[in-house]
Amino acid sequence: MTEVGQNENNVMILGFTEHDGLMAGLKLGFASCERISGATEGINVLMEKKSPDGNWEYGVTCIEYTEFDKFGITDGSLVPKSVSGGRLECTMQNIADNYFNSYSNRCYNGVEDKLDTFIVYNERRRVTSSAKKKRRHGYKSLRQTPDGALLDILRNAHDLLSPCDIKLPEIGADGNYVDSGPPFLILLHPALGPLWEVTRQKFYGGSISEGSELQVEVAEFFWRNVQLNGSLVIIAENVMGSMQIDESGEPILHHGQRCGRCKLQNVKVLNEGIDWRHGGNVYWKHDVQRSEVLQIILHGNAEFEATDVVLQGNHVFEVPDGYKLKIMPGSTGLAIQLDPIEQGMMESGSWHWDYKIEGSTEVKPL
Numbered sequence: 054m055t056e057v058g059q060n061e062n063n064v065m066i067l068g069f070t071e072h073d074g075l076m077a078g079l080k081l082g083f084a085s086c087e088r089i090s091g092a093t094e095g096i097n098v099l100m101e102k103k104s105p106d107g108n109w110e111y112g113v114t115c116i117e118y119t120e121f122d123k124f125g126i127t128d129g130s131l132v133p134k135s136v137s138g139g140r141l142e143c144t145m146q147n148i149a150d151n152y153f154n155s156y157s158n159r160c161y162n163g164v165e166d167k168l169d170t171f172i173v174y175n176e177r178r179r180v181t182s183s184a185k186k187k188r189r190h191g192y193k194s195l196r197q198t199p200d201g202a203l204l205d206i207l208r209n210a211h212d213l214l215s216p217c218d219i220k221l222p223e224i225g226a227d228g229n230y231v232d233s234g235p236p237f238l239i240l241l242h243p244a245l246g247p248l249w250e251v252t253r254q255k256f257y258g259g260s261i262s263e264g265s266e267l268q269v270e271v272a273e274f275f276w277r278n279v280q281l282n283g284s285l286v287i288i289a290e291n292v293m294g295s296m297q298i299d300e301s302g303e304p305i306l307h308h309g310q311r312c313g314r315c316k317l318q319n320v321k322v323l324n325e326g327i328d329w330r331h332g333g334n335v336y337w338k339h340d341v342q343r344s345e346v347l348q349i350i351l352h353g354n355a356e357f358e359a360t361d362v363v364l365q366g367n368h369v370f371e372v373p374d375g376y377k378l379k380i381m382p383g384s385t386g387l388a389i390q391l392d393p394i395e396q397g398m399m400e401s402g403s404w405h406w407d408y409k410i411e412g413s414t415e416v417k418p419l
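To convert a position in the sequence shown, counted from 1, into this note's numbering, add 53.
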């Protein structure tokens, strides 16, 4: 990996397959994070129990907050020092409870290092952001509300894209959101990575102005020096691949085949975007009123490319399955060209990212 500070979620994801995970012969890993005292959520524990055959069993499990009184757990620090602890996330507890290691004698020290399971820790908002209650009118606290979850998504997007030499507005305190809403909306499909180090190689240069909206629902995506001032929404029918019917009649997703693709290079997007004054906007639902938007809709394996152009005002570019739409500078404005994709490129596309994992995770457009 490269700089640790820029790849915290990579550490968590790769932890499942590197020395802490598959390569160490372990069976199951848990993504976990710091637990907030007072939150309505469980806590990780190392469980010890004696089986009917007289052996001692140990494993990682979770005690839900509703069971704290039953087990005599107080909602606070159990030891007078800082330790690695957290809540179980991303895996159902009943699965965890079936991975116990058995020993003939009781273990007192270091048993957690001998288990078939392990925990990978990360910053809380990179792992979970619960939405268990509605934000009360007039309250500044966004904890465990849908609005707070949205802010976590936006802060993660800011952390993800800032190192890509993309200028973004700063995200202030929660109170700023309560008073005036978010400074922008950025929603990125996880298939762009999911490793941040991979996603960052698909984005480079440009800016996203305050009040702008970016939604990218396509994995095969290329952004180079794009200046966004307004709303840009990219929707692919085949985000990660195409559905095909197997011999039993079941639909199977074929990853990487007949994906939608979008390439933007030296492009300015200028439009009125979201009407931030509209009282009916519900940002965490992404239910917003737009004055103008640039929308790109990709059916099947459709491709869209724009190079060295300014796309101003309200536009919808809908590309049919099997075609590539190219937008270039023309003699009197924009030159728009719609061509069928060559037959030999129907499955793989006219270009695609080549993924390699060696000393670092590298992707290249081919």
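Every residue, glycine too, gets a C-beta built ideally from N, C-alpha and C. If you're wondering where the values come from, they're calculated on a predicted model, not measured in any experiment.
Kindly give me the distance between the Cβ atoms of residue i and residue j, rounded to whole angstroms, as I take these residues to be in contact under 8 Å.
i	j	result
I389	E356	Not quite, the Cβ-Cβ distance comes to about 14 Å (not below 8 Å), so this is no contact.
R314	W404	7 Å
G383	M399	Not really, about 28 Å apart at Cβ, beyond 8 Å.
E110	K102	5 Å
V322	L351	So it is not a contact: roughly 17 Å between Cβ atoms.
I287	I349	5 Å
Looking only at DSSP bridge pairs, what is residue i linked to?
i	result
F256	W276
S155	E110
G294	H308
I288	E270 and I350
F171	G82
R179	DSSP, once it has assigned bridges, lists no residue as partnering R179.
F357	C315 and L378
Q342	Bridge partners of Q342: none, in fact.
Q390	K379
C115	N97
N282	L323
K220	S260
L240	Q268
V363	K321
F370	I349
V335	D340
K103	W109
Do residue j and residue i count as a contact pair if the criterion is CB distance below 9 Å?
i	j	result
L221	I261	yes
L421	L285	The structure shown does not extend to residue 421, since the chain spans only 54 to 419, so no value can be given for it.
R177	I305	no
N154	D169	yes
R277	Q318	yes
C86	V180	yes
C217	E273	no
K255	W406	yes
N367	S295	no
I224	L207	yes
V369	L378	no
H308	Q297	no
A289	N175	no
I172	G82	yes
F237	S215	no
D200	Y152	no
T275	K338	First, the amino acid is wrong: residue 275 is Phe here, not Thr. Going by C-beta atoms, F275 is not nearer than 9 Å to K338.
Y118	I148	no
Return the chain-ordered list of same chain residues with a C-beta closer than 8 Å to the C-beta of residue i, the five sequence neighbours on each side being excluded.
i	result
H331	V341 and Q342
N334	G234, I327, D328, D340, V341 and Q342
V98	V113, T114, C115 and I116
S135	Its pLDDT being 43, under 50, S135 is placed unreliably by the model, and the measurement read from it follows with that caveat. So no residue of the chain qualifies.
Y336	D200, L203, G234, P235 and L238
D299	I305
M293	A244, A272, L306, H308, G309 and C312
Near residue i, which residues of its chain fall below 7 Å by C-beta distance, leaving aside the five closest residues on each side in sequence?
i	result
V320	V279, A359, V362 and L364
E325	G283, S344 and E345
N108	S155, Y156 and S157
N291	R311, C312, G313, G353 and N354
P133	In this predicted model, P133 has a pLDDT of only 42, less than 50, meaning its place in the structure is not dependable; the value taken from the coordinates is given anyway. So the list is empty, once near-sequence residues are dropped.
G258	D218, I219, R277 and N278
L245	T252, K255, V269, A272 and F274
Please return the same chain residues whose Cβ sits closer than 6 Å to the Cβ of residue i, not counting the five positions on each side in sequence.
i	result
M100	G112 and T114
A210	I239
T144	Because T144 carries a pLDDT of 48, less than 50, the predicted location of this residue cannot be relied on, and the following value inherits that uncertainty. Once the five neighbours on either side are set aside, the close Cβ partners of T144 are F83.
K165	Going by the sequence as given, residue 165 is Glu instead of Lys. Closer than 6 Å at Cβ, skipping near neighbours: L99.
D150	T114
G402	R314
Would you check if there are 3 or more beta carbon pairs closer than 8 Å linking the stretch 240–248 to the stretch 266–280? Yes: at least three Cβ pairs fall under 8 Å.
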